[in-house]
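Written below as structure tokens is the structure these notes are about.
Residue numbers (my numbering): 23 to 402.
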């Protein structure tokens, strides 16, 4: 047990050190000084967003975009088979915003995931030199786009993705979000996506900005027709093509309600948890075992051991908390408070992986936004 304690401590020390160094390499949008010349001579930006049953969010999201200080914009808003008032809302908004074009999709084409199909249809109607894919529930600060394009051009990028501030409406939803970001931070090492020598890639659905040339070079959404993690795969395609990609933090400029409650979060993760583990039973077992041994067992061992071994496990937990501070707390406002329930959030996340895997296997696929997609289709 002593050797396990030492190994656990060294593991979390390495994670903390890696994150402490790495997170400093990710820029914050708030620190970007906007290029004033872009107000008069900026390239045409096509903002493409797809919404399915988004009547609660889409109007506020679009209004926040209409208030941008960057003005050379066209909006392609795609109503993807909504059964609520989404279509009516965007049609009404288009009457007062001449730069906005609405597309209404009545039927999903075979071989496509709904969102990917909708975004691709939006692209076909766009004219911009730059393309921004975003979600229908994102709220923008008015200087978000001018700062993003300034950063994009200054760094000579092909792809810029921004991390928004994720918020929930309850303590446990926020605790779950914070744990998710912690895992994302130490496992994905998002700062590596900014390194052109690294194969690590990233893409966040809230904000994927890329040039039309780059998007067309990677084959558009046609290459990722059936990927439920389309945002991440878009970033992966960019990196695989040898193009330049950056992630920046935009906690003060983009905001989204990740999920309204914990139950919704668990349901939402059904669509991409198994996909994120490559539809592999081995990877599921590996993920669950890794979570238990590295993040839950140290707390159990603290109660089971004594003396030097117990002390080392205590220091392991301290290093884990410091790593949490360097990742989750840098990617979500006020996340540190949720370290107090860390063991419970580990169990919740393990449950979400097991639940999503079992449901996917029972159903033979996933249900996303009311549409069923078989595993056979998803693996194509």
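Idealized CB from N, CA, C, for every residue including glycine.
How do the segment 56 to 71 and the segment 85 to 99 stand: do at least 3 beta-carbon pairs fall below 8 Å, yes or no?
They touch, by the three-pair rule.
Given residue 137 as reference, the closest of 171, 223, 210, 253 once Cα atoms are compared
With distances taken between Cα atoms, residue 137 lies closest to 253.
Where do the ends of the alpha helix (DSSP H) carrying residue 375 lie?
Per DSSP, residue 375 belongs to the alpha helix (DSSP H) from 364 to 385.
Note down, one range per segment and in chain order, each alpha helix (DSSP H) of at least 4 residues found wholly within the segment 243 to 331.
Whole alpha helix (DSSP H) segments, 4+ residues: 252 to 262, 284 to 290, 295 to 298, 303 to 313, 319 to 326.
Using the beta-carbon count (16 or more within 10 Å), is residue 182 buried or exposed?
Residue 182 should be labelled buried.
Per-residue burial, residue 103 [other beta carbons within 10 Å of its own, 16 or more giving buried]:
It is buried - the Cβ of residue 103 has at least 16 other Cβ atoms within 10 Å.
What does the Cβ neighbour count give for residue 267, buried or exposed, with the cut at 16 atoms within 10 Å?
Buried: at least 16 other Cβ atoms inside 10 Å.
Please go through the segment 152 to 219 and give each complete alpha helix (DSSP H) segment of 4 or more residues, from N-terminal end onward.
Entirely contained in the segment 152 to 219, the alpha helix (DSSP H) runs reaching 4 residues are, in chain order, 166 to 176, 193 to 205.
Which runs of the alpha helix (DSSP H) at least 4 residues long sit entirely within the segment 31 to 81? Give them in chain order.
Runs found: 60 to 63.
Nearest-angstrom beta carbon gap, residue 72 and residue 141 [assumed within contact, 8 Å]
About 5 Å separates the two Cβ atoms, so the contact holds.
Comparing C-alpha positions only, which one of 234, 210, 391, 322 sits nearest to residue 223?
Distance check between residue 223 and each of 234, 210, 391, 322 places 210 closest, using alpha-carbon atoms only.
Secondary structure of residue 17, DSSP reduced to three states:
Any question about residue 17 goes unanswered here, given that the chain covers just 23 to 402.
Could you check if residue 25 is buried or exposed, using at least 16 other CB atoms within 10 Å of its CB as the buried criterion?
Exposed.
By DSSP's criteria, residue 122 is part of a beta bridge. Which residues make up the other side?
Partner(s): 97.
Hey, would you say residue 310 sits closer than 8 Å to residue 375, going by beta carbons?
For residue 310 and residue 375, yes; Cβs fall inside 8 Å.
Backbone CA spacing between residue 238 and residue 158 [nearest angstrom]
Roughly 23 Å between the two C-alpha positions.
Cβ shell of residue 203 (< 6 Å), same chain only, five flanking positions each side left out:
Excluding positions up to five away in sequence, the list reads 350, 353, 354.
State the Cα-Cα distance for the pair residue 216 and residue 57, rounded to the nearest angstrom.
About 22 Å.
Can you tell me which of 258, 328, 200, 241 puts its alpha carbon nearest to the alpha carbon of residue 284?
The shortest Cα separation from residue 284 among 258, 328, 200, 241 belongs to 200.
Considering only DSSP beta bridges, list what residue 222 is partnered with.
Per DSSP, none; premise fails for residue 222.
Whole-number beta carbon distance between residue 143 and residue 17, since they are thought to touch under 8 Å:
There is simply no residue 17 to check, as the chain begins at 23 and stops at 402 in what is shown.
Assumed close pair residue 195, residue 287 - CB separation to whole angstroms, cut-off 8 Å
The Cβ separation is near 6 Å, so the contact holds.
Opposing strand residues paired with residue 393 [DSSP bridges]:
390.
State yes or no: is the C-beta of residue 322 within less than 8 Å of the C-beta of residue 228?
8 Å or more divides the Cβ of residue 322 from the Cβ of residue 228.
If contacts are defined as beta-carbon pairs under 8 Å, then residue 49 and residue 208 qualify, I think. What distance do you get, rounded to the angstrom?
Between residue 49 and residue 208 a beta carbon distance of about 20 Å is seen, past the 8 Å cut, so the two are scored as non-contacting.
Is the Cβ-Cβ distance between residue 180 and residue 233 less than 8 Å?
In this structure, residue 233 lies closer than 8 Å to residue 180 by Cβ.
Just mark residue 262 as buried or exposed, buried being the case when its beta carbon has 16 or more other beta carbons within 10 Å.
Exposed.
Relative to the alpha-carbon of residue 82, which residue among 192, 277, 333 has its alpha-carbon at the smallest distance?
Considering only 192, 277, 333, the residue with the shortest C-alpha distance to residue 82 is 277.
Report all residues from its chain with a CB closer than 6 Å to the CB of residue 175; omit the five preceding and five following residues, and keep chain order.
Cβ neighbours of residue 175 within its own chain (closer than 6 Å, five residues either side excluded): none.
In three-state DSSP terms, what is residue 240?
Assigned with DSSP and collapsed to three states, residue 240 falls in coil, not helix or strand.
Identity of the residues DSSP links to residue 102 by a beta bridge:
BP columns for residue 102 point to 127.
Quick one: is residue 296 buried, meaning 16 or more other Cβ sit within 10 Å of its Cβ, or exposed?
A buried status is given to residue 296, since no fewer than 16 other beta-carbon atoms sit within 10 Å of its beta-carbon.
Apart from the five residues on each side of it in sequence, which residues of its chain come closer than 6 Å, Cβ to Cβ, to residue 289?
So no residue of the chain qualifies.
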